[in-house]
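Numbering (this note's numbering), first residue to last: 129 to 704. For glycine and all other residues, C-beta sits at the position ideal for the given N, C-alpha and C.
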Ligand code: ATP
Ligand code: MG
Ligand code: MG
Ligand code: MG
């Protein structure tokens, strides 16, 4: 490829809204271009990286026996109503209507559609196991799209779904995927950890996240310094001993509230296990009465993280809650907890979490929340956008760091990571909801056992940059670099020798299957080098008149401090 033909558009300045290094550098290097919040064009340079990530994923998925298909981005709501997710999922699910006023969703993932395929196509145990995957555009109306490709609203995901005859077979499929993921992430050339992600609702370690280690990661990982043990935040929380806990912030007061509505009561009412499924329940009362007397209240339920469908925030009026809870007036509630009129919320957590809603909640002071102790609440709890986000890692340090690892092999430590992949054993959750059965050996219908497996194709390059960069720009591992080698001829317009040598090396490398870029733009050396250092091409060869006269070119790896002289005759062999 020649630079004059390619679209290269580097910028000196990063966009003002770019908070993390990958967003800044990928934008400056002209890899991505923002179109709207969380919506990006993958520019030619960026798309090359994405395609390489896809190719590795595709190769390893195929090797593991998965078969590729492509499911629609826009999906009829009917299927989503069958599983209840059309109603249950929060605002992250983008719902749209067609000209006939029929409901559709833009896929955030595709369990419904793939289960619909399975119930039609997989009729006999003889057809099992099957694993269907796609590499496709997803849309999630993330509450806070940010960090460029890291948390987009439109993004590309590889999603795979396995179908099996029984739990043992499903677990074998799961294990085979978990292994394929290790091969995939090994090939990317990044430092990562596979961490246990399930807190045991289904059993065993049948959910793992693949986390790229990076200081800017939004997730926390707890790992053992002496063994392979590693777990994500939720899992580690479940491990936390009942002993010392992070001290509440100063304004907070632990208040005994015997017999008052607790998180356990709410979970009970909703028929959900408290510890493992619900991270946090907040019941907020909201005055709707114009008189301001506060005699009318609405009850809202906010679930933060923990729900397997969304793992995110859900906001909604709780159906049936009226039956179990008497509507209290705002003053009554305030009075009861000895606080000012505001909000009431029992929370099932050891520590407070940030409360968010899909509409602005301006009153964030004087919350009351459960202290996760019998008959105890916290009053005077403050949350808000103006306050710093809770530092999950710091919280976790207080709780588990230095403890003995569950495998007994060493002590626990904590670091940050970026979730780039997730494997999950689903059981019959979707097949039951959608009546997806096959006939077993005795001709009896059985529910299909399922698993689902995601990889954030467009998040991965961002994670790679978070982990591999310096003050000059990105540093791509060879496997996913936009180009592996860049040829920088100096004085190409003046010297036929440089021109010919560069062209010849370009053609030879290209013929050998190397992803080579020849910078024939005629830029001055300084500007040319700065561009390629920003773009992060791992191998650079500089050809100059003077060097060629001595039969030499200069080679420099993006991580090398200085160039090495290599014989021009041998550079091809040197690079291959
Ligand atoms: P997160 O916890 O970061 O919100 P998730 O757990 O909701 O991610 P999954 O449903 O497990 O995501 O989806 C599979 C993969 O898709 C994730 O591991 C991640 O790599 C990627 N992914 C999820 N949400 C986004 C997003 N908004 N932008 C880019 N990639 C994403
Ligand atoms: Mg997650
Ligand atoms: Mg999410
Ligand atoms: Mg996940």
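Rounded straight-line distance, which links the Cα of residue j to that of residue i
i: residue 690; j: residue 668; result: 11 angstroms
i: residue 444; j: residue 610; result: Bear in mind that a pLDDT of 36 at residue 444, under 50, signals an unreliable position, so the number given afterwards is only what the model happens to contain. So the alpha carbons of these two residues sit roughly 44 angstroms apart.
i: residue 586; j: residue 679; result: 42 angstroms
i: residue 552; j: residue 304; result: 12 angstroms
i: residue 671; j: residue 139; result: 25 angstroms
i: residue 534; j: residue 700; result: 51 angstroms
i: residue 620; j: residue 270; result: 49 angstroms
i: residue 307; j: residue 170; result: 30 angstroms
i: residue 555; j: residue 580; result: 10 angstroms
i: residue 684; j: residue 702; result: 12 angstroms
i: residue 159; j: residue 265; result: 18 angstroms
i: residue 208; j: residue 293; result: 24 angstroms
i: residue 258; j: residue 547; result: 26 angstroms
i: residue 568; j: residue 576; result: 10 angstroms
i: residue 692; j: residue 675; result: 12 angstroms
i: residue 310; j: residue 361; result: 21 angstroms
i: residue 634; j: residue 321; result: 38 angstroms
i: residue 248; j: residue 334; result: 27 angstroms
i: residue 694; j: residue 681; result: 5 angstroms
i: residue 191; j: residue 136; result: 35 angstroms
i: residue 462; j: residue 557; result: Low confidence applies to residue 462: its pLDDT is 43, below 50, so where it sits in the model is not reliable, and the reading given next is rough at best. So the alpha carbons of these two residues sit roughly 41 angstroms apart.
i: residue 344; j: residue 236; result: 24 angstroms
i: residue 412; j: residue 218; result: Bear in mind that a pLDDT of 42 at residue 412, under 50, signals an unreliable position, so the number given afterwards is only what the model happens to contain. So the two alpha carbons sit approximately 17 angstroms from each other.
i: residue 318; j: residue 650; result: 34 angstroms
Bridge-paired residues (DSSP) for residue i
i: residue 160; result: 170
i: residue 683; result: 669 and 692
i: residue 259; result: 290
i: residue 231; result: 225
i: residue 615; result: 646 and 669
i: residue 573; result: 567
i: residue 532; result: 539
i: residue 322; result: 338
i: residue 252; result: 567
i: residue 581; result: 288 and 551
i: residue 351; result: 358 and 541
heavy atom of ligand 1 below 7 angstroms from residue i C-beta
i: residue 634; result: no
i: residue 602; result: no
i: residue 587; result: yes
i: residue 228; result: no
i: residue 267; result: no
i: residue 280; result: yes
i: residue 584; result: yes
i: residue 283; result: yes
i: residue 565; result: no
i: residue 237; result: yes
i: residue 151; result: no
i: residue 550; result: yes
8 angstroms Cβ cutoff met for residue i and residue j
i: residue 545; j: residue 352; result: no
i: residue 348; j: residue 336; result: no
i: residue 647; j: residue 616; result: yes
i: residue 289; j: residue 210; result: no
i: residue 630; j: residue 278; result: no
i: residue 341; j: residue 636; result: no
i: residue 255; j: residue 287; result: no
i: residue 708; j: residue 313; result: Lying before the first or after the last residue shown, residue 708 is absent from the chain, which here runs from 129 to 704.
i: residue 608; j: residue 177; result: yes
i: residue 350; j: residue 532; result: no
i: residue 300; j: residue 323; result: no
i: residue 195; j: residue 260; result: yes
i: residue 144; j: residue 155; result: no
i: residue 131; j: residue 645; result: yes
i: residue 588; j: residue 640; result: no
i: residue 172; j: residue 134; result: yes
Ligand 4 heavy atom lying under 7 angstroms from the CB of residue i
i: residue 270; result: no
i: residue 206; result: no
i: residue 547; result: yes
Any non-hydrogen atom of ligand 2 within 7 angstroms of residue i CB
i: residue 220; result: no
i: residue 336; result: no
i: residue 577; result: no
Residue i: CB within 7 angstroms of a non-hydrogen atom of ligand 6
i: residue 313; result: The model depicted lacks ligand 6 and carries ligand 1, ligand 2, ligand 3 and ligand 4 instead.
Any 3 or more C-beta pairs closer than 8 angstroms across the segment 236–246 and the segment 554–564: yes
For the 8 angstroms Cβ check, are there 3 or more pairs between the segment 657–671 and the segment 590–604? yes
State whether the segment 150–161 contacts the segment 185–197, with contact taken as three or more CB pairs (one from each stretch) at a distance under 8 angstroms. Verdict: no, contact absent.
Using 8 angstroms as the cut-off, can you tell me whether the segment 282–290 makes contact with the segment 224–232, which would need three or more C-beta pairs spanning the two stretches below that distance? By the Cβ test, the segment 282–290 is not in contact with the segment 224–232, since fewer than three Cβ pairs between them sit closer than 8 angstroms.
Just checking, does the segment 194–205 make contact with the segment 161–168 on the three C-beta pairs under 8 angstroms criterion? no
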